[in-house]
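Note that this note's numbering has the sequence shown beginning at 645, numbered continuously upward. From the three backbone atoms N, C-alpha and C, an ideal C-beta is built for every residue, glycine too.
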Amino acid sequence: MRKYRIVIVGTGRIAAVHARSVHRSPWLELAGFVDALAPGSLPSDWGLPCFPTLGEAAGAVVPDAIVIASPTDTHVSYLAMAVDLGLPALCEKPVARDRRSIEAAIDLVGRSGLPVILGFHRRFDPMRREVRNRIAAGGIGKIEHILQLSRDISLPDRTVTAHQGGIVADMVVHDLDELLWLVGRQPDRVHARLDRNVDAGLAGIGDHDTASLQLEWDDGPVGHISATRRAVHGFEQRLEVFGAAGRLVCDDPRVSCVRQDSADGTLLDRRDTGFQERYRDAYQAEVDHLADILRCGGEPVCSLGDGLRAFDLVERVVESAR
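Dropping the structure here:
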C-alpha cells in the first residue's frame with residue numbers, strides 16, 4: 645500500500661497536533677518539517693529533518709502534500725510556494741489577516757486547480773457533523789435559535805495573544821464559521837460586546853477575554869454566542885440548535901462517561917483540558933480528508949472561500965463592538 649508523504653510547515657503547538665494525526669493515518673507518512681526561524685524540539689522528537697525552506701524540503705523528501713501550520717502572516721506565501729511546487733495543502737485558519745491577501749490566495753489556488761483544505765476543525769468534528777446532518781434532514785424543523793458556549797480554561801500568555809488578532813479573530817471565529825456552516829448565509833444584523841473580565845491588562849494590546857454576540861437573520865434564526873478565555877470548571881464548547889420540531893444539543897464529552905450517584909450527590913469525571921483533547925477526532929478527520937483527496941480526488945469540504953466568509957463576519961463583529 646502506497647503512503648503519501650507529508651511535510652508540515654511549522655513546528656509549534658498546532659503543528660504537533662497535525663504531526664500526531666498524520667502519524668495515525670494508514671495512508672500518510674510524515675516526512676519532515678519546515679521552519680525558517682526556530683524549529684524547537686518537534687522535528688527531533690519525531691526523528692525527522694527540519695528544513696529552512698519549503699523548496700529545500702521538496703527537493704530532499706519529495707512530499708505529496710503539505711500541512712501549513714506556521715504563523716498566520718506566512719500562510720499566503722506558503723500557499724504560493726505550494727502552488728509553484730504543485731502540492732495540495734491543508735492550511736490552518738485564518739488564511740490571512742486582511743481581505744486583499746485572502747482574495748489573492750483564493751485566486752491563485754483557484755487558477756492552479758490544486759485542492760487546498762482550510763482547517764476550521766469544527767466542520768470536521770463527528771458530533772458537530774451529526775448535528776448539521778440532522779438539521780439538513782429536517783429532524784428539528786425550521787431552526788429558530790442557535791446557542792453556542794465557547795470557554796477556554798485559561799488565558800494564553802499575553803506574548804502569544806498579542807499576535808493572534810484578538811479574541812474574535814482567534815477564538816470566536818470558530819463559532820462564527822460554525823454558524824455560517826449551519827445556517828448557510830451571512831446574518832442580516834450583528835450585535836457584539838467585548839469585555840476584559842479576567843485581565844484588564846489586555847487593553848495594552850487591544851484584546852479582550854470575554855465576548856457576547858447576538859446574530860440575527862430576517863427569516864430566522866437568532867444566534868447567541870458566549871465566549872470567555874477563562875473557565876475554572878474546564879474547557880467547554882456547547883452547541884444547542886432549537887427548532888420548531890425539537891432541539892439538538894451537542895455537549896462536550898468527558899474523560900469518562902461513568903457517573904457516580906450517592907447520598908452526597910453526583911460525581912462526574914472532568915472535562916477535556918483543551919482543544920487538542922476535545923477535537924482530536926476532528927483534527928484526525930482533517931488529515932484523513934487530505935488523504936482521501938490524494939487517493940481519490942474530490943473537492944475540499946472546507947475551502948479558502950469559507951475562510952473569506954468567516955473573515956467578513958469577524959470584521960462585522962469587531963465593528964459592532966467598537
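For residue 749, the enclosing alpha helix (DSSP H) starts and ends at 743-756. Residue pairing by DSSP places residue 699 opposite no residue, since no beta bridge is assigned to it. DSSP places residue 957 inside the alpha helix (DSSP H), whose first and last residues are 948-965.
In this structure, residue 730 sits near residue 756, with a CB-CB distance shorter than 9 Å. The beta-bridge partner set that DSSP reports for residue 665 is empty. The region 896-905 makes no contact with the region 813-824: fewer than 3 CB pairs, one atom from each, lie closer than 8 Å.
Within 10 angstroms of the beta-carbon of residue 655 lie 16 or more other beta-carbons, which makes it buried. Partner residues in the beta bridge of residue 866, as assigned by DSSP, are 789, 860. Nearest to residue 746 by alpha-carbon distance, out of 962, 680, 947, is 947. Between the alpha carbons of residue 855 and residue 870 lies a distance of about 6 Å. For the pair residue 724 and residue 749, the Cα-to-Cα distance works out to about 8 Å. Fewer than three beta-carbon pairs drawn from the region 927-937 and the region 808-815 are found closer than 8 Å, and the two stretches are therefore not classed as touching. Cβ contact annotation for residue 904 (same chain, cutoff 6 Å, sequence separation greater than five): 911, in chain order.
A Cβ-Cβ separation of about 6 Å places residue 840 in contact with residue 847 under the 8 Å criterion. Sequence-distant partners of residue 772 (beyond 5 residues in either direction) whose C-beta falls short of 8 Å from its own C-beta, in its chain, are 766, 822, 883, 894, 926.
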